[in-house]
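Undergrad:
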Amino acid sequence: MSDLIADITINAPLKQVFSYLVPDSLAEKIRVGMRVAIPFGRRNTIGFILELRSGDGSGLKSIKELLDEQPLLNQDLIRLLRWAADYYCHPIGQVVRTALPSGLGSDKGTAKILHEPVYTPLPKESTPQGQKQRELLEFIETHQNVALGVLRCRFPNPHASLKRLIELGFLQQDFQEVHRDPFLSEPLPDDLQLTLNQEQQVAVSAVAAAIGTGGFTPFLLHGVTGSGKTEVYLRTVKKCLENKRQALILVPEIALTPQLVARFRARFESKGVRLAVLHSGLSDGERYDAWRAIIRGEIQVVIGARSAIFAPLREPGLIIIDEEHEASFKQGEGFRYNARDLALVRGQQQGCSVVLGSATPSLGSYYRSEQGALQRLSLHKRTHFGNMPKVELIDLTSQPPEGVLANRLIEALQENLERREQALLLLNRRGFAPFLLCTDCGQSFHCPNCEITLTFHQREKLVRCHYCDYSEAPAESCPKCQGLNIAPEGAGTERLEQELIDLFPGVRIARMDRDTTSRKGAHQKLLQQMLERKVDVLVGTQMIAKGHDFPGVTLVGVLGADSILNLPDFRAAERSFSLLTQVAGRAGRSCGGGQVLIQTFNPDHYALGCASDQDYAAFFSQELPFRQELGYPPFGHLVNLILSGNNDKLVKSSAKQLANQIGKVTEKVEVLGPSPCPLAKLRGKYRYQILLKSSDRPALRRLIDKIEPMKNMILRGVGLVIDVDPMDMF
Ligand code: ADP
Ligand code: ZN
214 MSDLIADITI NAPLKQVFSY LVPDSLAEKI RVGMRVAIPF GRRNTIGFIL ELRSGDGSGL
274 KSIKELLDEQ PLLNQDLIRL LRWAADYYCH PIGQVVRTAL PSGLGSDKGT AKILHEPVYT
334 PLPKESTPQG QKQRELLEFI ETHQNVALGV LRCRFPNPHA SLKRLIELGF LQQDFQEVHR
394 DPFLSEPLPD DLQLTLNQEQ QVAVSAVAAA IGTGGFTPFL LHGVTGSGKT EVYLRTVKKC
454 LENKRQALIL VPEIALTPQL VARFRARFES KGVRLAVLHS GLSDGERYDA WRAIIRGEIQ
514 VVIGARSAIF APLREPGLII IDEEHEASFK QGEGFRYNAR DLALVRGQQQ GCSVVLGSAT
574 PSLGSYYRSE QGALQRLSLH KRTHFGNMPK VELIDLTSQP PEGVLANRLI EALQENLERR
634 EQALLLLNRR GFAPFLLCTD CGQSFHCPNC EITLTFHQRE KLVRCHYCDY SEAPAESCPK
694 CQGLNIAPEG AGTERLEQEL IDLFPGVRIA RMDRDTTSRK GAHQKLLQQM LERKVDVLVG
754 TQMIAKGHDF PGVTLVGVLG ADSILNLPDF RAAERSFSLL TQVAGRAGRS CGGGQVLIQT
814 FNPDHYALGC ASDQDYAAFF SQELPFRQEL GYPPFGHLVN LILSGNNDKL VKSSAKQLAN
874 QIGKVTEKVE VLGPSPCPLA KLRGKYRYQI LLKSSDRPAL RRLIDKIEPM KNMILRGVGL
934 VIDVDPMDMF
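Heads up: the sequence shown begins at 214 in this note's numbering, then just goes up one per residue.
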């Protein structure tokens, strides 16, 4: 006899898929992509249906309940997730959970909401009897449409009373959707009617033609800062919508890109196009609402960060990855996927165009465009003002500054302020000073959980760990020599801000870093103040380098340019080049030109030289041979095995044994290490890594499959993380 069988994954670190019998009562309604309640071992859990098939169901347990009325993911996305689970060697259940909006993928929280009921008061003369009912009704009357979630927060167990109020005719219950998205209530800028320049036109036509064919075509849009990439995005999205397909736009960090979102809304909303902005500020309910609207096909354009790559658009025709070089497209923990790379896979699977855009493409993407795997479209010129900013390197080895700022930069700031123009200063470290030092004996202060110095925050009067957030009061005397001369060493944004206040009294100075933007809306407020010219000098971490269009900025200063260059990472030069080029590109976006000053101890380094010439091609041709020589990406593929645990010796010996075992079975894969991770201790755990490197990806893959069984033999009390295509090596 043939039964209906569901292959189900659960949220657990298990690679297996489990088969369950679909009872007749559910057979009509059940679909792939729905969640179900199932018995699992001695408990019940939530499962996710990956596949439905007919077969022999004898001996299988039955599904208990169907939790969704519509699938949460469509077949195409499930195919993408299965591909990703395999490629990144991550359990499918956890991959599914990462893809689903938070609250839906786990057993906890709001996992069971199907619809959010909303209550509206009905006109009625009398008042209800019970005290609780009266309070509930009063609350609903003052707020009108109130969602159940809101009531649950204010009133313990409101269900019985609500039910009674409905029966008595005081309330009406609906399942309408409530749209409360703060991003969508921002005032809109004017939609500029721009005439495309020659290069933009070429780019738009190429992508439009590809969209027209309806197949997979990947592009690299390499456009210098201020070359009008956004306008290219807007036009190609329009083309995609005309083709009756939807568009997906991914940005590195949605909270940092209100301007981009606003430009999309200004262009499309007036034409009746519905956009969804998926961002971390959404509540679970809002995210769920947006998700369902996307599934129902009501949304044509989705803008979001990394995880939006899993947005369940039915038939995407165009996927855009803005600032494709950004490391934040790679998830750093759990399911370590790279949304940029998955965009290309999704494009291939669903037959759509993919545009990777950047002023400083990742070396890998540019290499692939050289090889012809990505079609390169270049915008060499800035739009209406032509000139790129003038960049100058200030050599600190010959003239070390007294404070944080070199004299040359102080003079330039002075002149800029006299002209009443705005300046940006980048210093990629928050806090006052990276560490406190006993100047008598050289003792410094480390985090007890992480192998790293504690950063001194003057305003908070604390030393703080930037990895685990541990904090304590700064020591008044040295625990080693009892000396009293403890001084902050080095500089962070707080110190720079202080120095500016001392140097330029009365000047309006603002700071943008994680400390000043942690409150909701704080970042947007700072951006607004910059645009309204209520700030003369904006100090900040790399946050200020990200895509902003500040027309009033004519001077950009970079401090601590060497900090990234000195990171123990083969991408250190690429990262420095990219950050410096991006921040330099913030200067002179409306007036033409602009000035950029970079303070450095490495004025001869090619990454800095190329950044100051804004010459991507030169950087590429100098960096590539290093990668080739060492077999690093894009020439070789990497997988990093990270072992961690509470006992240093145990982790170390496990790592050694594992490396040994791997060494015995490997072919065509180089095994490097084990070595302590650059962050050898993090959040109380000791960490070692084994780096696998090969130019032969299938060989690398075969090797990883052999590691799985070794794991159980060797590692006790030690965790193993497999990071495929690692982005940072900490
Ligand atoms: P980026 O390439 O750095 O993302 P933007 O898309 O932010 O550049 O564009 C920079 C500025 O140029 C914006 O203010 C935009 O409105 C303007 N712009 C873009 N295209 C044109 C054009 N064809 N003509 C005039 N101005 C343009
Ligand atoms: Zn720490």
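Glycine included, every Cβ here is placed at the ideal spot set by N, Cα and C.
#1: Between which two residues does the alpha helix (DSSP H) containing F481 stretch?
#2: Can N859 be considered in contact with the ligand ZN, in the sense that its beta carbon sits closer than 7 Å to one or more heavy atoms?
#3: When every heavy atom of the ligand ADP is checked, does at least one fall within less than 7 Å of the C-beta of S440?
#4: For the ligand ADP, any of its heavy atoms closer than 7 Å to the Cβ of Q413?
#5: Tell me whether A898 sits in a helix, a strand or coil according to DSSP, three-state version.
#6: Go through its chain and collect everything with a Cβ distance to F542's Cβ below 6 Å, but skip five positions before and after it.
#7: Tell me whether Q406 sits in a helix, a strand or coil according to DSSP, three-state version.
#8: Grouping DSSP H, G and I as helix and E and B as strand, with all else coil, what is K747?
#9: Alpha carbon to alpha carbon, how far is F481 from Q513? Give it in angstroms, no decimals.
#10: Taking Cβ to Cβ, would you say Q902 is nearer than 8 Å to V437?
#11: Could you check the C-alpha separation between P395 and G494 for me, to the nearest Å?
#12: So is D387 buried or exposed if we call it buried at 16+ other beta carbons inside 10 Å?
#13: When you measure from the CB of T443 to every non-hydrogen atom of the ligand ADP, does any distance come out below 7 Å?
#14: Taking DSSP as the reference, what is the three-state secondary structure of F383?
#15: Using a strict less-than 5 Å threshold between each residue's beta carbon and the heavy atoms of the ligand ZN, what residues do you get?
#16: Grab me the residues of I875's own chain with a C-beta within less than 6 Å of its C-beta, minus the 5 sequence neighbours each way, in chain order.
#17: Under the assumption that L206 contacts C663 (Cβ atoms under 8 Å), give the Cβ distance between them as a whole number of angstroms.
#18: Would a C-beta distance cut-off of 8 Å place R744 and A723 closer than the cut-off?
#19: Need the endpoints of the alpha helix (DSSP H) that M926 sits in, please.
#20: Kindly confirm or deny that the region 708-716 and the region 678-686 touch, where touching means at least three C-beta pairs closer than 8 Å.
#21: Could you tell me if the beta carbon of N600 falls within a distance shorter than 7 Å of some heavy atom in the ligand ADP?
#22: Going along the chain, which residues of its own chain have a beta-carbon closer than 7 Å to the beta-carbon of G858, five neighbours each way excluded?
#23: Grouping DSSP H, G and I as helix and E and B as strand, with all else coil, what is I935?
#24: For G436, is the beta carbon positioned less than 7 Å from some heavy atom of the ligand ADP?
#25: Excluding the 5 residues preceding and the 5 following S418 in the sequence, name in chain order all residues of the same chain whose CB lies nearer than 7 Å to its CB.
#26: Distance, Cα to Cα, E539 vs S575?
#27: If we count the other Cβ atoms within 10 Å of its Cβ and call it buried at 16 or more, is S339 buried or exposed?
#28: Does the distance between the C-beta of L792 and the nearest non-hydrogen atom of the ligand ADP fall short of 7 Å?
#29: Buried or exposed for V308, going by 16 or more other Cβ atoms inside 10 Å?
#30: If you run the structure through DSSP and keep just helix, strand and coil, what is D762?
#31: Does the distance between the C-beta of T408 and the nearest non-hydrogen atom of the ligand ADP fall short of 7 Å?
#32: Exposed or buried, what is P838 when buried is set at 16 or more other beta-carbons lying within 10 Å of its beta-carbon?
#33: If we ignore side chains and look at the alpha-carbon of each, how far apart do T596 and T573 end up?
#34: When the distance is taken between beta carbons, is L557 closer than 8 Å to V567?
#35: In angstroms, rounded to a whole number, what distance separates the CA positions of Q342 and P330?
TA: Reading from the atomic positions:
#1: Taking the sequence shown and counting its residues from 1, the one referred to as residue 481 is at position 268. Taken as a continuous stretch (DSSP letters only), the alpha helix (DSSP H) holding F481 covers P471 to F481.
#2: One-based indexing of the sequence shown puts residue 859 at position 646. No, Cβ of N859 sits at least 7 Å from all heavy atoms of the ligand ZN.
#3: For the purposes of this step, residue 440 is taken as the residue at position 227 of the sequence shown. For the ligand ADP, at least one heavy atom lies less than 7 Å from the Cβ of S440.
#4: Position 200 of the sequence shown holds residue 413. The ligand ADP has a heavy atom closer than 7 Å to the beta-carbon of Q413.
#5: Translated into positions along the sequence shown, residue 898 becomes position 685. Looking at the sequence provided, one finds Lys at residue 898 rather than Ala. Secondary structure of K898 (DSSP, three-state): strand.
#6: Numbered from 1 along the sequence shown, position 329 holds the residue referred to as residue 542. Excluding positions up to five away in sequence, the list reads R519, N551, A552 and R553.
#7: Position 193 of the sequence shown, counted from the first residue, corresponds to residue 406. Reduced to three states, the DSSP call for Q406 is coil.
#8: Taking the first residue of the sequence shown as 1, we reach residue 747 at position 534. Looking at K747 - three-state DSSP - the assignment turns out to be coil, as it is neither helix nor strand.
#9: Counted from its first residue, the sequence shown places residue 513 at position 300. Counted from its first residue, the sequence shown places residue 481 at position 268. In this structure, the alpha-carbon of Q513 lies about 10 Å from that of F481.
#10: Position 689 of the sequence shown, counted from the first residue, corresponds to residue 902. Position 224 of the sequence shown, counted from the first residue, corresponds to residue 437. Going by C-beta atoms, Q902 is not nearer than 8 Å to V437.
#11: Position 182 of the sequence shown, counting from 1, holds the residue named residue 395. Position 281 of the sequence shown, counting from 1, holds the residue named residue 494. Caution is warranted here: a pLDDT of 48 is assigned to P395, below 50, making its placement in the model unreliable, and the coordinate value is therefore given only provisionally. Put simply, the backbone Cα of P395 is about 8 Å away from that of G494.
#12: Walking along the sequence shown from the start, residue 387 turns up at place 174. D387 should be labelled exposed.
#13: As a working mapping, residue 443 is identified with position 230 in the sequence shown. True, at least one ligand heavy atom lies under 7 Å from that Cβ.
#14: For the purposes of this step, residue 383 is identified with residue 170 of the sequence shown, where counting begins at 1. If DSSP states are grouped into helix, strand and coil, F383 belongs with coil.
#15: Any heavy atom of the ligand ZN counts here; residues with a Cβ closer than 5 Å to one of them, in chain order, are C660, N662, C663, C678, Y680, C681 and Y683.
#16: In the sequence shown, residue 875 corresponds to position 662, counting from 1. Excluding sequence positions up to five before and after I875, its CB lies within less than 6 Å of the CB of V884, all in the same chain and listed in chain order.
#17: Residue 206 lies beyond the stretch modelled for the chain, which goes from 214 to 943, so this question has no answer here.
#18: As a first step, residue 744 must be located in the sequence shown, where it is residue number 531. As a first step, residue 723 must be located in the sequence shown, where it is residue number 510. Inspection of the sequence shows that residue 744 is occupied by Leu rather than by Arg. No.
#19: Against the sequence shown, residue 926 aligns to sequence position 713. Where M926 is concerned, the enclosing alpha helix (DSSP H) stretches over R910 to I927.
#20: Output reads no: the region 678-686 does not touch the region 708-716.
#21: On the sequence shown, residue 600 is found 387 positions in, with the first residue counted as 1. N600: no, Cβ never under 7 Å from the ligand ADP.
#22: Within the sequence shown, numbered from 1, the residue matching residue 858 stands at position 645. Hits under 7 Å: V864, K898, Y899, G930, V931 and G932.
#23: Counting from 1 along the sequence shown, the entry for residue 935 is found at position 722. Secondary structure of I935 (DSSP, three-state): strand.
#24: Position 223 of the sequence shown, counted from the start, is the residue given in the question as residue 436. Yes, the beta carbon of G436 sits closer than 7 Å to at least one heavy atom of the ligand ADP.
#25: On the sequence shown, residue 418 is found 205 positions in, with the first residue counted as 1. Beyond the five residues adjoining it in sequence on each side, S418 comes within less than 7 Å, by CB distance, of no other residue in the same chain.
#26: In the sequence shown, counting from the first residue as 1, residue 539 sits at position 326. In the sequence shown, counting from the first residue as 1, residue 575 sits at position 362. Their Cα atoms are separated by approximately 8 Å.
#27: Stepping through the sequence shown from its first residue, residue 339 is reached at position 126. With fewer than 16 Cβ atoms within 10 Å of its Cβ, S339 is classed as exposed.
#28: Position 579 of the sequence shown, counted from the first residue, corresponds to residue 792. For the ligand ADP, not one heavy atom lies less than 7 Å from the Cβ of L792.
#29: On the sequence shown, position 95 is the one that residue 308 refers to. Flag for V308 reads buried.
#30: In the sequence shown, residue 762 corresponds to position 549, counting from 1. Coil, per DSSP.
#31: As a first step, residue 408 must be located in the sequence shown, where it is residue number 195. Correct: T408 has its Cβ closer than 7 Å to the ligand ADP.
#32: If you number the sequence shown from 1, residue 838 lands on position 625. When all chains shown are included, P838 counts as exposed.
#33: Here residue 596 is taken as the residue at index 383 of the sequence shown, counted from 1. Here residue 573 is taken as the residue at index 360 of the sequence shown, counted from 1. C-alpha of T596 to C-alpha of T573: approximately 17 Å in a straight line.
#34: Locating residue 567 in the sequence shown gives position 354, counting from the first residue. Locating residue 557 in the sequence shown gives position 344, counting from the first residue. For V567 and L557, yes; Cβs fall inside 8 Å.
#35: Indexing the sequence shown from 1 puts residue 342 at position 129. Indexing the sequence shown from 1 puts residue 330 at position 117. The straight-line gap from Cα to Cα measures roughly 24 Å.
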